[in-house]
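In my numbering, the protein residues as written are 379 to 813.
Take a look at the structure:
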């Protein structure tokens, strides 16, 4: 790096990663076991197939387990290093020194994103792939070489094999490709190249599942990840095998917002214990999800709006969770429900809620001010970044929970846009003063 200020920013970020590596052991959450078990299964039998986990992150884990044995520290070190790689890739998408330094400061403050680099979970890895796809889109926007758009699609293909939520994104992104100002033939060629890798990856993995399980889908139990969204307004098809299991875990008829997932976990565990096949559960859950939306559309839309609010305005970081485990409520919502006002204030402070509220406000302001530029296709990278932000926020709120953890996927892109907004709101000296 020629820029001394950026080199200083890099060193500060590297020192931050080293501090957290020395201060905290690797974090594991309840979901961690599912990824680890598939990784160990692969090392033992060569198979990455699983009912509710895709192969992307388990394959990443298995690489380090193969080299270092079943220990998590090498994985965590690698994730922190990749966090620095991601910073370097995204800082290049910014034009001025001021924008780059502001982004670096925001990236340093983003403890939510940083803390998931310290966990055995797919969330950081998924975000890395999505943000690297945006970096490849920036390279394409810069020089128009189609190899970059093919690389962009490859990152999305890897992301699709990491989390099933991404499987519809290639189609969702197509209108953003058509907004580009290049000739129509070039736009169509770019869209086709972008689609190639994700569609090939999805269909090859679905074919693998069909040959192995007789079920052509990314996951035999994909609906496990989204049926929880309709727990409070369930509608069951005739002869539903899942009905008694769900009702048994909803004694009051409703579940608090942060208790919906446990209802699904309990129902699935009970159905597995009763010998219900995963494919039958999946078909039943899909029907329940579809009917619950069709018969209760207003309830569904109201809940989706609430989840969208939480998607952007909730916050936490795992360093605070593990460091202050006995003093923090599981969520601000549960703390308020139990009357723990002091604990809620502590959680808001250590989770840096105001920081993320500011990032959203800057995103909203920048979007409003630059709406014409974005809609005219004047900046391909920004159009692509917005397509990811819009897609992930809608999928999370409409088919899952609006958790800060799910916002992680597009958090670095939001920081890039926040940096652009701050640089415009508070212009400093002419660019180049830091060289």
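Backbone N, C-alpha and C define an ideal beta-carbon position, used for all residues, glycine too.
Counting only the same chain and skipping the five closest in sequence on each side, list residues whose C-beta sits under 7 Å from that of residue i.
{"i": "residue 713", "result": "707, 721, 722, 725"}
{"i": "residue 538", "result": "544, 545, 576, 579, 580"}
{"i": "residue 414", "result": "439, 498"}
{"i": "residue 648", "result": "623"}
{"i": "residue 419", "result": "425"}
How close, in whole Å, do the beta carbons of residue i and residue j come, if the pair is a contact with beta carbons under 8 Å?
{"i": "residue 536", "j": "residue 434", "result": "6 Å"}
{"i": "residue 645", "j": "residue 624", "result": "5 Å"}
{"i": "residue 814", "j": "residue 793", "result": "Lying before the first or after the last residue shown, residue 814 is absent from the chain, which here runs from 379 to 813."}
{"i": "residue 540", "j": "residue 486", "result": "Contact doesn't hold; Cβ gap of about 26 Å is too wide."}
{"i": "residue 771", "j": "residue 689", "result": "5 Å"}
{"i": "residue 584", "j": "residue 566", "result": "The pair is not a contact, with the Cβ atoms about 26 Å apart (cut-off 8 Å)."}
{"i": "residue 468", "j": "residue 790", "result": "6 Å"}
{"i": "residue 700", "j": "residue 402", "result": "7 Å"}
{"i": "residue 391", "j": "residue 505", "result": "Rounded, the Cβ-Cβ distance is 16 Å, inconsistent with contact."}
{"i": "residue 398", "j": "residue 496", "result": "6 Å"}
{"i": "residue 642", "j": "residue 588", "result": "Wrong, their Cβ atoms sit about 25 Å apart, outside the cutoff."}
For residue i, which residues in the same chain have their Cβ closer than 6 Å to its Cβ, ignoring the five residues on either side in sequence?
{"i": "residue 613", "result": "669, 670, 673"}
{"i": "residue 395", "result": "458"}
{"i": "residue 526", "result": "514, 517, 518"}
{"i": "residue 511", "result": "530, 533, 534"}
{"i": "residue 675", "result": "none"}
{"i": "residue 480", "result": "797, 800, 801"}
{"i": "residue 678", "result": "671"}
{"i": "residue 709", "result": "636"}
Less than 7 Å separating the beta-carbons of residue i and residue j?
{"i": "residue 786", "j": "residue 547", "result": "no"}
{"i": "residue 477", "j": "residue 801", "result": "yes"}
{"i": "residue 498", "j": "residue 430", "result": "no"}
{"i": "residue 639", "j": "residue 606", "result": "yes"}
{"i": "residue 734", "j": "residue 693", "result": "yes"}
{"i": "residue 426", "j": "residue 436", "result": "yes"}
{"i": "residue 609", "j": "residue 633", "result": "yes"}
{"i": "residue 404", "j": "residue 450", "result": "yes"}
{"i": "residue 488", "j": "residue 783", "result": "no"}
{"i": "residue 685", "j": "residue 636", "result": "no"}
{"i": "residue 471", "j": "residue 758", "result": "no"}
If you draw a straight line from the C-alpha of residue i to the C-alpha of residue j, how long is it?
{"i": "residue 577", "j": "residue 544", "result": "12 Å"}
{"i": "residue 744", "j": "residue 798", "result": "8 Å"}
{"i": "residue 839", "j": "residue 600", "result": "The requested residue 839 is not part of the displayed model; the chain covers only 379 to 813."}
{"i": "residue 572", "j": "residue 530", "result": "7 Å"}
{"i": "residue 385", "j": "residue 586", "result": "46 Å"}
{"i": "residue 828", "j": "residue 555", "result": "Nothing can be reported for residue 828: it is not among the residues displayed for the chain, which extend from 379 to 813."}
{"i": "residue 778", "j": "residue 381", "result": "43 Å"}
{"i": "residue 620", "j": "residue 663", "result": "8 Å"}
{"i": "residue 719", "j": "residue 788", "result": "31 Å"}
{"i": "residue 387", "j": "residue 657", "result": "50 Å"}
{"i": "residue 492", "j": "residue 454", "result": "11 Å"}
{"i": "residue 528", "j": "residue 460", "result": "22 Å"}
{"i": "residue 604", "j": "residue 611", "result": "14 Å"}
{"i": "residue 813", "j": "residue 593", "result": "Note that residue 813 scores 29 on pLDDT, short of 50, meaning its location in the model is unreliable and no value can be drawn from it."}
{"i": "residue 805", "j": "residue 659", "result": "56 Å"}
{"i": "residue 568", "j": "residue 509", "result": "19 Å"}
{"i": "residue 442", "j": "residue 563", "result": "43 Å"}
{"i": "residue 661", "j": "residue 629", "result": "24 Å"}
{"i": "residue 424", "j": "residue 448", "result": "16 Å"}
{"i": "residue 653", "j": "residue 524", "result": "50 Å"}
{"i": "residue 715", "j": "residue 590", "result": "46 Å"}
{"i": "residue 462", "j": "residue 803", "result": "27 Å"}
{"i": "residue 681", "j": "residue 736", "result": "24 Å"}
What is the residue span of the alpha helix (DSSP H) that residue i lies within?
{"i": "residue 637", "result": "Where residue 637 is concerned, there is no enclosing alpha helix (DSSP H), given that its DSSP letter is neither H nor E."}
{"i": "residue 787", "result": "No alpha helix (DSSP H) holds residue 787; DSSP gives it neither H nor E."}
{"i": "residue 745", "result": "731–747"}
{"i": "residue 657", "result": "656–673"}
{"i": "residue 525", "result": "524–538"}
{"i": "residue 711", "result": "710–715"}
{"i": "residue 430", "result": "From DSSP, residue 430 is part of no alpha helix (DSSP H); its letter is neither H nor E."}
{"i": "residue 498", "result": "Where residue 498 is concerned, there is no enclosing alpha helix (DSSP H), given that its DSSP letter is neither H nor E."}
{"i": "residue 482", "result": "475–487"}
{"i": "residue 462", "result": "451–469"}
{"i": "residue 410", "result": "410–423"}
{"i": "residue 699", "result": "696–701"}
{"i": "residue 773", "result": "758–777"}
{"i": "residue 554", "result": "552–556"}
{"i": "residue 704", "result": "Premise fails: residue 704 is in no alpha helix (DSSP H) and is neither H nor E."}
{"i": "residue 627", "result": "Counting along the chain, residue 627 falls outside any alpha helix (DSSP H), and DSSP gives it neither H nor E."}
Leaving aside the five residues before and after residue i along the sequence, list all residues of the same chain whose C-beta is less than 8 Å from its C-beta, in chain order.
{"i": "residue 728", "result": "695, 698, 702, 706"}
{"i": "residue 828", "result": "The structure shown does not extend to residue 828, since the chain spans only 379 to 813, so no value can be given for it."}
{"i": "residue 761", "result": "554, 557, 558, 752, 755"}
{"i": "residue 814", "result": "With the chain running from 379 to 813 in the structure shown, residue 814 is simply not present."}
{"i": "residue 781", "result": "688, 689, 692, 774"}
{"i": "residue 741", "result": "767, 792, 795, 796, 799"}
{"i": "residue 412", "result": "428, 430, 431"}
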